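Protein sequences appear in the order of chains A and B.
With this note's numbering as the guide, the letters of the first sequence map in order to residues 218 to 460.
With this note's numbering as the guide, the letters of the second sequence map in order to residues 4 to 98.
Cβ atoms here follow ideal geometry from the backbone N, Cα and C, with glycine treated the same way.
The structure displayed is predicted, hence computed values, not measured ones.
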Amino acid sequence: MAGLMARLSMVIKSKFSKLLDRAEDPGETLDYSYERQIQLLQNVKRGIADVATARKRIELQTTQLEQSVVKLETQARQALAAGREDLARQALERKSAIQQQLQGLDTQLEGLQAQQDKLVSSEKQLSAKVEAFRSQKEVIKAQYSAAEAQVRIGEAASGIGEQMADTGLAIQRAKDKTEQMQARAAAVDELVEAGTLEDFSAGGETPLDRELAALASSSEVDADLERLKAEVGAGQGSKELES
Amino acid sequence: MIVRLMSEGQYEIDETARERLNELDDKAVAALEAGDEETLDRHLEEMWALVKSEGKELPAESLEASDCIVPPADLTLEETRALFDGEGLIPDLPV
């Protein structure tokens with residue numbers, strides 16, 4: 218049984234040689250291979266943008282959810298102070314649902330960041346190699362006979378082939394991670410829409426907000442009333458003194 | 004000998020390092036076959052550390068082919084299996 222390193226090397230060689238088998242004359246093979254490298258580079262650039270977008274979306278959601286947790290805690294406190302345990306419970310239930318969503322999000326975000334970094338460094342390496350390949354291929358085309366060129370192509374191509382496979386793997390893994398995160402972000406959005414978590418970020422009022430506001434205003438009205446009563450009472454008193 | 008650390012780059016290592024790398028590789032294969040992810044990861048990490056500490060990094064624009072390729076140490080067991088399976092983890096190149 219061959220070692221892991223040898224087996225991996227074989228897998229990659231066979232992937233790349235399939236790609237090169239398509240063209241017949243050496244010049245064509247070189248141009249074809251170069252085109253594929255350029256395409257792969259474009260894919261990587263797109264991949265990097267996708268990962269960055271997914272990461273920003275989740276970061277934004279995280280901030281919003283964290284704000285919601287603070288707000289619900291305050292609301293629960295207010296509700297309790299007003300003697301409304303039922304409302305306080307409702308607020309705490311939502312808080313707990315949001316906290317569950319937040320759990321593990323940080324680790325996943327870190328994972329996504331790592332994939333993005335890998336992809337950026339793969340892209341740099343591939344760019345450098347593609348550029349080296351471009352000048353090599355012109356030399357090979359100009360200076361070698363067809364038979365010699367075949368050998369040279371084999372040499373130049375296997376180096377670049379490895380890098381392409383390597384970069385391909387980085388894209389694949391980043392894509393998987395991005396898809397997972399997008400699914401998660403979509404699930405949070407769905408929960409928000411379904412009203413399981415209220416969308417506090419939208420700035421809209423939730424039924425809980427309204428009830429608490431009503432509670433606050435009724436206690437403000439009560440306080441105002443008391444203040445007026447006291448003032449009126451005092452005024453009457455002074456009038457009596459004056460007369 | 005030239006070694007590629009997959010997703011990291013290429014390094015040149017000497018004969019002594021090569022022997023140690025091969026020993027670790029044998030252990031890694033055994034762990035993969037036994038389905039022992041923890042041991043596999045540990046050996047792969049050792050392989051990475053060895054190449055990084057003993058090897059000399061090749062410039063990014065080098066077009067030399069590697070003599071052997073070390074898989075990433077952070078793959079899951081499933082991913083590692085897929086990597087060695089022809090259809091595997093490495094996607095087909097863009098058409």
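is_contact[residue i, chain B] using C-beta, thresh 8 angstroms
i	result
L225 (chain A)	yes
V356 (chain A)	no
G376 (chain A)	yes
G220 (chain A)	yes
V228 (chain A)	yes
D238 (chain A)	no
D383 (chain A)	yes
G244 (chain A)	no
A391 (chain A)	no
Backbone secondary structure at residue i - three-state DSSP
i	result
I5 (chain B)	strand
Y14 (chain B)	strand
G300 (chain A)	coil
Q320 (chain A)	coil
D28 (chain B)	helix
P74 (chain B)	coil
G378 (chain A)	helix
T270 (chain A)	helix
A219 (chain A)	coil
E241 (chain A)	coil
T395 (chain A)	helix
K262 (chain A)	helix
T291 (chain A)	helix
D88 (chain B)	coil
T79 (chain B)	coil
Buried/exposed call for residue i, threshold 16 Cβ in 10 Å
i	result
E379 (chain A)	buried
E340 (chain A)	buried
I255 (chain A)	exposed
D393 (chain A)	exposed
R272 (chain A)	buried
L289 (chain A)	buried
P75 (chain B)	buried
P243 (chain A)	buried
E167 (chain A)	Residue 167 (chain A) cannot be examined here, being either before or after the span of chain A that is shown, 218 to 460.
K232 (chain A)	buried
Within chain B, the residues that residue i reaches when beta carbons sit closer than 9 angstroms
i	result
V337 (chain A)	Those do not exist, as V337 (chain A) stays about 12 angstroms from chain B at its closest Cβ, beyond 9 angstroms.
I265 (chain A)	Within 9 angstroms Cβ-Cβ: nothing; I265 (chain A) doesn't reach chain B, min ~14 angstroms.
D334 (chain A)	Under the 9 angstroms cutoff, chain B gives no residues; its nearest Cβ is about 10 angstroms from D334 (chain A).
D248 (chain A)	The premise fails here: D248 (chain A) is roughly 15 angstroms from chain B at the closest Cβ pair, so nothing lies under 9 angstroms.
Cross-chain neighbours of residue i in chain A, by beta carbon under 7 angstroms
i	result
G12 (chain B)	Q342
L66 (chain B)	K346, A349, F350, Q353, A373, G376 and I377
A63 (chain B)	K341, Q342, A345 and K346
V73 (chain B)	M222
Chain A within 8 angstroms of residue i, Cβ atoms only
i	result
I2 (chain B)	The structure shown does not extend to residue 2 (chain B), since chain B spans only 4 to 98, so no value can be given for it.
D29 (chain B)	yes
R21 (chain B)	no
L86 (chain B)	yes
Partners in chain B for residue i, counting only beta-carbon separations shorter than 8 angstroms
i	result
E437 (chain A)	Chain B residues near E437 (chain A): none, gap ~58 angstroms exceeds 8 angstroms.
Contact list for residue i against chain A, beta-carbon separation under 9 angstroms
i	result
L1 (chain B)	Since the first and last residues shown for chain B are 4 and 98, residue 1 (chain B) lies out of range.
V54 (chain B)	Under the 9 angstroms cutoff, chain A gives no residues; its nearest Cβ is about 10 angstroms from V54 (chain B).
Residue i: CB within 7 angstroms of a non-hydrogen atom of the ligand MN
i	result
T324 (chain A)	The ligand MN is not part of the structure shown, which contains no ligands of any sort.
Note down, one range per segment and in chain order, each alpha helix (DSSP H) of at least 4 residues found wholly within the segment 38-72 of chain B.
-> 40-57
Could you give the uninterrupted runs of the alpha helix (DSSP H) lying entirely in the segment 301-366 of chain A, keeping only those of 4 residues or more?
-> 302-319 and 322-360
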